[in-house]
Amino acid sequence: MAELPGIVNLVAPFFGLILLGFAIGRWKRLPEEGLAWLQFFLIYVALPPLFYRLIADKPLSELANWRFIAATTTATFIAFAVSLAIGLRSARGDLPQAVMQGVAGSYSNIGYMGPPLILAALGPEASAPVVLIFVFDSLLLFSLVPLLMAFAGVEKTSLLATVGQVVWRVLTHPFNLATLAGVLASYTRFELPVALDRMVLWLSQAAAPCALFLLGVTVALRPMRSLPAGVPALVAVKLLLHPLMVWLLLSAIGGIPQNWIYAAVIMAALPPALNIFVISTQYRTGIERASACILIGTIVSMVTLTGFLWLVKTGRMVADLFH
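Here the sequence shown stands for residues 320 to 642, numbered as in the working numbering.
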């Protein structure tokens, strides 16, 4: 148990920033509209440089691990499908509500918490799997949601138009543009000018603390009046089934580096993403349940995420179960 204090010290700053945002959000009660600028700063200004820096110095051969991509994306899809089934039952067949629950049970906080936590826990060699999981999990879920919403009649456009919108949003998303820029920089061995590189570094370092503080404030401004049906099951899928499924699938295909498996399991064990609330607000459905999943999931993950990190850091998790 000697390693436990070090692991607690590793995760405490992340949850501490969320708690700080939550406490200040409950105390100060500033207008919610002010969060829009911070959200814009994160999505368009701070996080893209973080993803650029994660992959710009990586050889392309390291990013072309299609077996790893297939296994982790399949695990996320399974978590989505299970959560969608839970949602259909708890929402009595209401597909839009169930889709939001599918996202809540499968979409980790891979943008805000993932990169800084994984790099702190496993080192810079884990940056490639972090980027791959972020890109392909986001592609999966941001494609499934609008398509299912169009099928449910929430999107007031044709299926073909919806597909076109999905493709355009994927191609123009700032995270994906930053990832593409990083791939091109890796291929051409391009190096930013010193002054620009320093600014990009500062912006990337600002991403995690701002994001975690924003998460705490956002949850604080939406107090949970009651526990909606299905939330405990969704949290269990997100925090336990999802990482275990990633572990099993990566072990089953074999040949995946140990640190990549550990990074993928921890990424899957992260609490539900703040984007779940953004998506539910966009479609005006499941907002209360989204807030509850984020709040309860974040609290419970203080135990479950610490547990997975303890298994990884102490060597008690066998990276490859079947080989």
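Just so you know, even glycine gets a beta-carbon here, dropped at the ideal spot from N, CA and C.
If you're wondering where the values come from, they're calculated on a predicted model, not measured in any experiment.
A residue is called buried once 16 or more other Cβ atoms fall within 10 Å of its Cβ, and Asp376, having fewer, is exposed.
By the neighbour-count criterion, in which a residue is buried when 16 or more other Cβ atoms sit within 10 angstroms of its Cβ, Arg635 is exposed. Around the beta carbon of Val422, 16 or more other beta carbons sit within 10 angstroms, so the residue counts as buried. Assigned with DSSP and collapsed to three states, Pro591 falls in strand.
Going by C-alpha positions, Ser599 is about 15 Å away from Val550. For the set Leu520, Leu466 and Leu540, the Cα lying nearest the Cα of Gly483 is the one of Leu466. DSSP places Gly573 outside any alpha helix (DSSP H), giving it a letter other than H or E.
Secondary structure at Ser427: strand, using DSSP grouped into helix, strand and coil. Nearest Cα to Val556 within the set Thr391, Gly616, Gly325 and Leu336: Gly616.
Arg411 has its alpha-carbon roughly 44 Å from the corresponding atom of Ile374.
Residue state for Glu510 is assigned as coil, using DSSP reduced to three classes. The segment 493-502 makes no contact with the segment 516-529: fewer than 3 CB pairs, one atom from each, lie closer than 8 Å. Residue ranges of uninterrupted alpha helix (DSSP H) with 4 or more members, entirely inside the segment 340-426 and ordered along the chain, are 354-359, 366-375, 379-382, 385-409 and 414-423. In the pairwise beta carbon analysis, the segment 614-630 is classified as not touching the segment 445-452: fewer than three pairs are separated by under 8 Å. The alpha carbon of Ile595 has as its nearest neighbour, out of Trp566, Thr537 and Ser409, the alpha carbon of Thr537. Residue burial annotation: Leu567 is exposed, with fewer than 16 other C-beta atoms found within 10 angstroms of its C-beta. Residue burial annotation: Tyr581 is buried, with at least 16 other C-beta atoms found within 10 angstroms of its C-beta. Here the alpha carbon of Phe360 sits roughly 44 Å from the alpha carbon of Phe641. Shown here for Ile362: same chain residues with a beta carbon closer than 7 Å to its own, the five before and five after excluded, namely Pro493 in chain order. Counting C-beta atoms within 10 angstroms of its own C-beta, Thr507 has fewer than 16 neighbours from the protein chains shown and is therefore classed as exposed.
For Asp639, there is no enclosing alpha helix (DSSP H), as DSSP gives it neither H nor E. Nearest Cα to Pro368 within the set Pro591, Val584 and Ala525: Ala525. Per DSSP, the unbroken alpha helix (DSSP H) holding Gly433 starts and ends at Gly433 to Leu441.
For Tyr431, the closest of Phe370, Gly325 and Ile405 by C-alpha to C-alpha distance is Phe370. Restricting attention to Gln420, Val637 and Ala539, the CA atom closest to the CA of Ala609 is found in Gln420.
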